[in-house]
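Chemist: Numbering of the sequence shown is given in numbering that gives the first Met the number 0, commencing with residue 0 and proceeding in unit increments.
Just so it is clear, CB atoms sit at the ideal spot from N, CA and C, and this is done for glycine as well.
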Amino acid sequence: MELNRRTVIAGAAAAGIAATTLGGTAQASGGRAPVKKPFGTLADGTKISSWSLANGGTRLKVLDYGGIVQSLEIPDRHGRYRNVSLGFDTIEDYVAGSPYFGALIGRYGNRIGKGRFTLDGKAYQVSVNDGENTLHGGAQGFDKRVWDVEPFAEGSDVGLYLYYTSVDGEMGYPGTLRVKVTYTLTRQGDWRIDYEATTDKATVVNLTSHVYWNLAGEDSGSIHDHELRIAASRYTPVDSGLIPTGELAKAAGTPFDFRRAKAVGEDIRVAHQQLLYGQGFDHNWVLDKGVTAKPVAVATLRDPSSGRSLTISTTEPGLQFYSGNFLDGTLVGSGGTVYRQGDGLCLETQHFPDSPNKPSFPSTVLRPGQTYRTTTIHSFGR
Ligand code: GLA
């Protein structure tokens with residue numbers, strides 16, 4: 000069991016342990032070692048901090064609450080910086096009702112039908128929070144937990160280790176899950192996420208990150224002009240509750256074909272049953288490369304107006320492309336403007352939704368003695 004920060008803090012006591020500032024923040028070449036500042040206070044008195052770090056032209060602000068990326072700034076073709084990730088200015092806004100802006104998602108990213116599954120002959124019922132289904136770990140997922148954060152600077156990299164221990168039975172999931180997530184900013188300005196987890200009982204795990212991207216700037220309106228390419232010939236069609244039917248449908252000849260870059264808005268109004276279910280794109284693409292030991296580039300998003308681009312590389316077999324369909328003009332973002340439908344989009348690397356009930360999908364089962372390990376890299380261009 001490696002993991003660390005004394006092996007992911009001790010069990011149930013985890014939530015009570017305050018984050019401390021550690022050493023290991025020596026200035027890396029070109030990078031800015033993480034700096035901690037107060038961000039606010041939760042209703043129960045817990046102090047929330049933000050961590051700012053920069054490297055290779057990318058500036059990142061992360062909260063210990065939910066491991067949330069509160070801001071991610073990159074330059075455009077003229078060197079002008081904008082925050083390209085939707086978010087809020089205050090902890091109160093995040094707590095009051097964030098649609099997972101920038102957050103770490105677990106234990107199970109995406110949906111499990113009716114919140115039920117059977118593992119080794121035992122039936123489990125987990126927290127239901129999306130109609131009759133479970134979404135993103137249930138009512139109190141990892142996005143709403145306070146993570147223990149430890150900064151680091153190693154060689155030319157700067158970053159944060161984020162630790163959280165999810166106790167046996169939390170949200171209905173079996174096993175104490177010890178989680179370590181590493182956010183690294185590399186000398187090239189890539190934002191890399193390494194996820195690791197161990198368990199003491201067989202369980203299911205699917206960790207991801209829920210950044211809403213708008214490469215023109217978080218307050219600049221629709222992303223429908225952004226061009227997207229996804230290296231996937233198939234996607235997983237869903238029912239009206241957005242649970243996969245189990246089929247791996249061909250993307251060719253449908254609005255779901257993003258193998259050649261096309262504008263997000265090009266086919267979003269096509270009267271296709273799947274787009275009606277999702278109120279736009281809210282589907283898992285079956286990445287042609289499958290599960291890989293090393294991260295492979297699978298998607299590129301580009302904003303023609305600013306020239307900013309994002310390339311995602313991952314070890315994961317799936318990518319949820321969600322076109323911000325449920326943003327409905329009721330939230331005021333960090334730039335002071337209202338977010339409306341399609342003002343941001345998510346590209347969530349993952350195993351497929353409802354895998355615990357779909358034996359033909361790649362397995363999300365983690366057993367004692369195994370270590371869950373996945374990596375996703377965000378590379379920026381202009
Ligand atoms: C995910 C889901 C969407 C939606 C958003 C949050 O991406 O797939 O259906 O729930 O999170 O609003």
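Compute the minimum distance between the beta carbon of Tyr99 and the heavy atoms of the ligand GLA, and state whether it is under 8 Å.
Modeler: Yes; taking the cut-off as 8 Å, the Cβ of Tyr99 has a heavy atom of the ligand GLA nearer than that.
Chemist: If you count every other CB in all the chains shown that lies within 10 Å of the CB of Val337, and 16 or more means buried, which is it?
Modeler: Exposed is the call here.
Chemist: Name, in chain order, the residues that DSSP records as bridge partners for Gly158.
Modeler: DSSP output for Gly158 lists Phe151 and Thr183 as bridge partner(s).
Chemist: Is the beta carbon of Gly108 less than 9 Å from the beta carbon of Ser84?
Modeler: No.
Chemist: So, do the region 367-380 and the region 305-322 have three or more beta carbon pairs nearer to each other than 8 Å?
Modeler: A contact exists between the region 367-380 and the region 305-322.
Chemist: State buried or exposed for Lys249, treating a residue as buried only when at least 16 other CB atoms are found within 10 Å of its CB.
Modeler: With fewer than 16 other Cβ atoms within 10 Å, it is exposed.
Chemist: Looking at the unbroken beta strand (DSSP E) that takes in Glu72, where does it start and where does it end?
Modeler: Per DSSP, Glu72 belongs to the beta strand (DSSP E) from Val68 to Pro74.
Chemist: Buried or exposed, going by whether 16 or more other CB atoms sit within 10 Å of the CB of Val210?
Modeler: Classification of Val210: buried, given that the 10 Å Cβ count is 16 or more.
Chemist: In terms of residue numbering, what span does the beta strand (DSSP E) encompassing Gln273 cover?
Modeler: Element bounds for Gln273: not the beta strand (DSSP E) but the alpha helix (DSSP H), Gln272 to Gly277.
Chemist: Around the Cβ of Gln69, are there at least 16 other Cβ atoms within 10 angstroms (buried) or fewer (exposed)?
Modeler: So Gln69 counts as buried.
Chemist: When the Cα of Gly114 is compared with those of Val61, His77, Val127 and Ala215, which residue comes out closest?
Modeler: Ranking the options by Cα distance to Gly114, first place goes to Val127.
Chemist: Going by the DSSP bridge assignment, what does Arg31 pair with across the sheet?
Modeler: BP columns for Arg31 point to Ala53.
Chemist: Assuming Ala95 is part of the beta strand (DSSP E), what are its boundary residues?
Modeler: Taken as a continuous stretch (DSSP letters only), Ala95 belongs to no beta strand (DSSP E), being part of the alpha helix (DSSP H) at Ile90 to Gly96.
Chemist: Tell me the DSSP secondary structure of Ser165 in three-state form.
Modeler: The answer is strand: DSSP assigns Ser165 an E or B state.
Chemist: Taking Arg372 as part of the beta strand (DSSP E), name the residues at either end of that continuous run.
Modeler: First-last of the beta strand (DSSP E) with Arg372: Tyr371 to Gly380.
Chemist: Is Tyr93 near the ligand GLA - that is, is its Cβ less than 8 Å away from at least one heavy atom of it?
Modeler: No, since every heavy atom of the ligand GLA falls outside the 8 Å radius drawn around the Cβ of Tyr93.
Chemist: Please classify Leu365: is it buried, with 16 or more other beta-carbons within 10 angstroms of its beta-carbon, or exposed?
Modeler: So Leu365 counts as buried.
Chemist: Distance check for Gln272 and Ser51, CA to CA, integer angstroms please.
Modeler: Each residue's alpha carbon lies about 43 Å from the other.
Chemist: Can you check DSSP and say which residues form a bridge with Leu103?
Modeler: Leu103 is bridged to Ser208.
Chemist: Suppose the cutoff is 6 Å on Cβ atoms and the five residues either side in sequence are ignored; what does the same chain contact list for Asp193 look like?
Modeler: So the list reads Thr181 and Thr374, once near-sequence residues are dropped.
Chemist: So if DSSP puts Glu1 in a beta bridge, which residue, or which two residues, is it bridged to?
Modeler: For Glu1, which the question treats as bridged, DSSP gives no partner whatsoever.
Chemist: Taking 9 Å as the threshold (C-beta atoms), are Asn283 and Pro254 in contact?
Modeler: In this structure, Asn283 does not lie closer than 9 Å to Pro254 by Cβ.
Chemist: Hey, would you say the C-beta of Leu134 is under 8 Å away from at least one heavy atom of the ligand GLA?
Modeler: At least one heavy atom of the ligand GLA is nearer than 8 Å to the Cβ of Leu134, so yes.
Chemist: With which residues is Asp281 paired in a DSSP beta bridge?
Modeler: According to DSSP, Asp281 bridges with Tyr321.
Chemist: Quick one: using the 10 Å Cβ neighbour count with 16 as the cut-off for buried, is Gln369 buried or exposed?
Modeler: Its Cβ having fewer than 16 others within 10 Å, Gln369 is exposed.
Chemist: Tell me Ala248's beta-bridge partners as DSSP assigns them.
Modeler: For Ala248, which the question treats as bridged, DSSP gives the partners Tyr234.
Chemist: What did DSSP end up calling Lys36 once you bin it into helix, strand or coil?
Modeler: The answer is strand: DSSP assigns Lys36 an E or B state.
Chemist: Have a look at Lys261 and Asp75 and give me their C-alpha separation to the nearest angstrom.
Modeler: Each residue's alpha carbon lies about 20 Å from the other.
Chemist: Can the beta-carbon of Thr6 be found less than 9 Å from the beta-carbon of Arg177?
Modeler: Yes, the Cβ-Cβ distance between Thr6 and Arg177 is below 9 Å.
Chemist: What is the rounded straight-line gap between the Cα of Tyr371 and the Cα of Ala251?
Modeler: Spanning the two alpha carbons is a distance of roughly 33 Å.
Chemist: Under a three-way DSSP split, which group does Gln46 fall into?
Modeler: Sequence check: residue 46 is Lys here, not Gln. In the structure shown, Lys46 sits in a strand (DSSP, three-state: E or B).
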